[in-house]
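Here the structure is laid out as structure tokens; the discussion comes afterwards.
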């Protein structure tokens with residue numbers, strides 16, 4: 003509250019992104035954002051726990067969140083990112099953020115003693131530069147700022163991959 007916010011997304015919203023399996027502590031963030039009712043209304047798949055499989059195929063014991071914290075926050079969701087991200091984008095706009103999709107960050111100039119400047123370009127080719135006190139890089143694995151500033155470091159022990167898929171009509175185990 004009390005801050006002006008500019009949110010830019012390179013792609014046209016809604017845009018595809020691999021789904022997300024949320025953790026229970028996101029409940030409190032969603033509560034602060036005022037979107038808990040919307041999360042319920044949209045019917046995202048409920049997530050009640052986790053289970054892991056290691057590189058040898060050995061399965062861990064299931065970990066059911068509500069066995070460790072029986073409050074409402076112990077259940078979370080699996081979300082389809084296009085719908086979820088669109089909901090967050092619209093919520094930010096409804097709360098007063100200036101939101102633009104199909105807009106690229108062309109340049110970021112960070113200043114030690116004054117406002118930072120960010121140059122943006124729309125899909126139509128229009129460019130503008132904004133001055134700001136804070137720049138937040140929300141580009142995820144793209145690491146826009148870390149790459150441009152030469153700060154990105156990789157950990158060879160974290161070279162992992164995953165597979166994913168969507169299933170329609172699959173039967174789920176009952177919640178514990």
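Residue numbers (my numbering): 3 to 178. A virtual CB, placed ideally from N, CA and C, is assigned to each residue, including glycine.
Does residue i come out as helix, strand or coil in the three-state DSSP assignment?
i: residue 145; result: coil
i: residue 30; result: helix
i: residue 8; result: strand
i: residue 48; result: strand
i: residue 65; result: strand
i: residue 108; result: strand
i: residue 1; result: This structure does not reach residue 1, given that the chain is present from 3 up to 178, and the question cannot be answered.
i: residue 119; result: strand
i: residue 130; result: strand
i: residue 100; result: strand
i: residue 22; result: strand
Around the C-beta of residue i, are 16 or more other C-beta atoms found within 10 angstroms, so that it is buried, or is it exposed?
i: residue 26; result: buried
i: residue 101; result: buried
i: residue 41; result: buried
i: residue 87; result: buried
i: residue 176; result: exposed
Could you check which residue in the options has the C-alpha nearest to that of residue i?
i: residue 122; options: 159, 116, 88 and 137; result: 137
i: residue 90; options: 159, 34 and 163; result: 34
i: residue 128; options: 107, 147, 143 and 170; result: 107
i: residue 72; options: 171, 131, 170 and 50; result: 50
i: residue 22; options: 46, 153, 16 and 173; result: 46
i: residue 57; options: 170, 164 and 171; result: 164
i: residue 16; options: 96, 155 and 82; result: 82
i: residue 48; options: 65, 80 and 176; result: 80
Using C-beta distances below 6 Å, list every residue in its chain close to residue i, excluding the 5 sequence neighbours before and after it, in chain order.
i: residue 104; result: 14 and 125
i: residue 166; result: 20
i: residue 112; result: 118
i: residue 142; result: none
i: residue 133; result: 117 and 119
Quick test of your reading: residue i and residue j, contact by CB under 8 Å. State the CB separation rounded to the nearest angstrom.
i: residue 19; j: residue 84; result: 7 Å
i: residue 9; j: residue 94; result: 5 Å
Given residue i, which residues of its chain have a CB within under 8 Å of its CB, disregarding the five upstream and five downstream residues?
i: residue 75; result: 26, 27, 29 and 30
i: residue 135; result: 117 and 118
i: residue 146; result: 107, 110 and 139
Residues in the same chain with beta-carbon distance under 7 Å from residue i, minus the five sequence neighbours each way, listed in chain order, please.
i: residue 32; result: 38 and 41
i: residue 61; result: 53 and 55
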